[in-house]
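Chemist:
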Amino acid sequence: MSIKNEFSKHANEYNNHNIIQQIIAKSLIRELKNKPKKILELGCGSGQIFNHINWPIDFYKAIDFSAEMCELHPKHSNIEVKCFDFDTKEFLNEIKDDSYDLVLSSSSLQWSKNLDKIIKNLSFITKEINAVLFTSNTFKSIQNITNTKSPILCESEIKKAFSHYYTCEFETIMYKLEFENKKDLFNYIKNSGVSGGSKILDFKNAKKLYKEYKLNYLEFEVIFVKTVSKV
Ligand SMILES: C[S@@+](CC[C@H](N)C(=O)[O-])C[C@H]1O[C@@H](n2cnc3c(N)ncnc32)[C@H](O)[C@@H]1O
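Numbering-wise, the sequence shown is residues 2 to 232 according to this note's numbering.
Quick look at the structure:
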């Protein structure tokens, strides 16, 4: 396991609010050792992960609980896009008779209400999982000022759930996204939707935060998980 700090470029060089998601989605695919043919993806969104897959595949099942996202995902005869909540019985039922070369997930599983259960069920249908999750240390300094707790899973909960069923390699990275001014930084939190930013920014806390936040960057902590073998 290693912990890295990575300073990304100035956020305002990018014309969007999900630059960290884009960076980690790309890394996730770049890190793959081989080119699997049968893939399941959890929390597929509009297809950022799928769009990085540049080798021929036999079958791709993409899951997301947002119908709008499923609508946007690329479609093809060998792609099944299905609208399921990965925390539900219906989802587990959907995948129980499947088998995959690889399960992928990027920026999504940190929201799970029962990650252990998902990983347990994945262990019946795949030998390999490559995933990247945000951790509760995302927006850490903001949480400290506003005295709020992150709504997403912490690093140790994530490691525990995966390690229960697989021997894994973990890599935790803190990205620091710099801004030229406070206004841009606060706009980014509002629009990024990574980890409860909008909840943090109620009127009272927003005022306190604006006054007390002295950093010129936002913190995003992610953990890359690569399974090595089943336990
Ligand atoms: C930040 S987006 C990431 C999308 C895509 N994987 C990417 O890297 O661009 C998180 C996605 O996870 C989905 N998601 C969150 N919780 C979910 C759940 N419980 N079941 C299924 N999808 C979920 C959201 O709808 C959203 O599309």
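Every residue gets a Cβ at the ideal spot worked out from N, C-alpha and C, and that includes glycine.
Taking the alpha carbon of Q111 as the reference point, which residue from K62, N192 and C155 has its own alpha carbon closest?
Modeler: Translated into the one-based positions of the sequence shown, residue 111 becomes position 110. Per the Cα distances, C155.
Chemist: Between which two residues does the beta strand (DSSP E) holding C169 run?
Modeler: Position 168 of the sequence shown, counting from 1, holds the residue named residue 169. Element bounds for C169: Y167 to E179.
Chemist: Does the distance from the CB of I159 to the CB of L134 come in under 9 Å?
Modeler: Within the sequence shown, residue 159 is the residue found at index 158, counting from 1. Within the sequence shown, residue 134 is the residue found at index 133, counting from 1. Yes, they are a contact pair.
Chemist: Quick one: is S157 buried, meaning 16 or more other Cβ sit within 10 Å of its Cβ, or exposed?
Modeler: For this step, residue 157 is matched to residue 156 along the sequence shown. Answer is exposed; the Cβ neighbour count stays below 16.
Chemist: Quick one: residues in its chain with C-beta nearer than 8 Å to the C-beta of S113, no 5 flanking neighbours on either side, listed in chain order?
Modeler: Residue numbering aside, residue 113 sits at position 112 when the sequence shown is read from its first letter. Hits under 8 Å: F87, D88, I119 and L154.
Chemist: According to the neighbour-count rule (16 or more other Cβ atoms, all chains shown, within 10 Å of its Cβ), is T168 buried or exposed?
Modeler: Residue 168 sits at position 167 when you count from the first residue of the sequence shown. Burial call: exposed.
Chemist: Is S78 close to chain B, meaning its C-beta is less than 9 Å from at least one C-beta of that chain?
Modeler: Considering every chain present, this structure includes no chain B. It has just one protein chain.
Chemist: So what does S109 bridge to, in DSSP terms?
Modeler: If you number the sequence shown from 1, residue 109 lands on position 108. DSSP lists no partner for S109.
Chemist: If we count the other Cβ atoms within 10 Å of its Cβ and call it buried at 16 or more, is L216 buried or exposed?
Modeler: As a working note, residue 216 is residue 215 in the sequence shown. Label assigned to L216: exposed.
Chemist: Considering only the alpha carbon of each residue, which of H18, I130 and K27 lies closest to K227?
Modeler: As a first step, residue 227 must be located in the sequence shown, where it is residue number 226. Closest option to K227, Cα to Cα, is I130.
Chemist: Rounded to whole angstroms, what is the Cα-Cα separation between K183 and F140?
Modeler: Residue numbering aside, residue 183 sits at position 182 when the sequence shown is read from its first letter. Residue numbering aside, residue 140 sits at position 139 when the sequence shown is read from its first letter. Using only the alpha carbons, I get a separation of about 15 Å.
Chemist: Suppose the cutoff is 8 Å on Cβ atoms and the five residues either side in sequence are ignored; what does the same chain contact list for E91 look like?
Modeler: On the sequence shown, position 90 is the one that residue 91 refers to. Cβ within range, chain order: F85.
Chemist: Any heavy atom of ligand 1 closer than 8 Å to the Cβ of N115?
Modeler: Stepping through the sequence shown from its first residue, residue 115 is reached at position 114. Because no heavy atom of ligand 1 lies under 8 Å away, the Cβ of N115 does not count as near it: no.
Chemist: Considering N217, what are the terminal residues of the beta strand (DSSP E) in which it resides?
Modeler: Translated into positions along the sequence shown, residue 217 becomes position 216. Note, N217: premise wrong, no beta strand (DSSP E); not H, not E.
Chemist: Taking 8 Å as the cut-off, does the stretch 201-211 touch the stretch 34-43 (at least 3 CB pairs, one atom from each stretch)?
Modeler: no
Chemist: Considering only residues of the stretch 13-62, which uninterrupted beta strand (DSSP E) runs meet the minimum length of 3 residues and lie entirely inside it, listed in chain order?
Modeler: 39-43
Chemist: Compute every distance between the C-beta of E158 and the non-hydrogen atoms of ligand 1, then say whether any falls below 8 Å.
Modeler: As a working note, residue 158 is residue 157 in the sequence shown. Flag unset: Cβ of E158 not near ligand 1.
Chemist: Less than 8 Å between the CB of N43 and some heavy atom of ligand 1, yes or no?
Modeler: In the sequence shown, counting from the first residue as 1, residue 43 sits at position 42. In the sequence under discussion, the amino acid at residue 43 is Leu, which differs from the Asn named in the question. At least one heavy atom of ligand 1 is nearer than 8 Å to the Cβ of L43, so yes.
Chemist: Check this for me: beta carbons of I40 and I54, under 9 Å apart or not?
Modeler: For the purposes of this step, residue 40 is identified with residue 39 of the sequence shown, where counting begins at 1. For the purposes of this step, residue 54 is identified with residue 53 of the sequence shown, where counting begins at 1. Against a cut-off of 9 Å, the Cβ pair of I54 and I40 comes out as a contact.
Chemist: Is any heavy atom in ligand 1 found nearer than 8 Å to the beta carbon of A162?
Modeler: For this step, residue 162 is matched to residue 161 along the sequence shown. Flag unset: Cβ of A162 not near ligand 1.
Chemist: Note the first and the last residue of the continuous alpha helix (DSSP H) segment covering F143.
Modeler: Stepping through the sequence shown from its first residue, residue 143 is reached at position 142. The question names Phe, but residue 143 is Ile in the sequence shown. Element bounds for I143: K141 to T147.
Chemist: Would you call H165 buried or exposed, if buried means 16 or more other Cβ atoms sit within 10 Å of its Cβ?
Modeler: What you label residue 165 is simply residue 164 of the sequence shown in a count that begins at 1. The residue is exposed, with fewer than 16 neighbouring Cβ atoms inside 10 Å.
Chemist: What number of angstroms, rounded off, separates the C-alpha of L105 from the C-alpha of I64?
Modeler: The sequence position of residue 105 within the sequence shown is 104, counting from 1. The sequence position of residue 64 within the sequence shown is 63, counting from 1. Whole-angstrom Cα-Cα distance: 11 Å.
Chemist: Confirm the yes/no value for this check: CB of M70, any heavy atom of ligand 1, distance under 8 Å.
Modeler: To locate residue 70, count along the sequence shown from 1; it is residue 69. For M70, the Cβ falls inside the 8 Å cut-off from some heavy atom of ligand 1.
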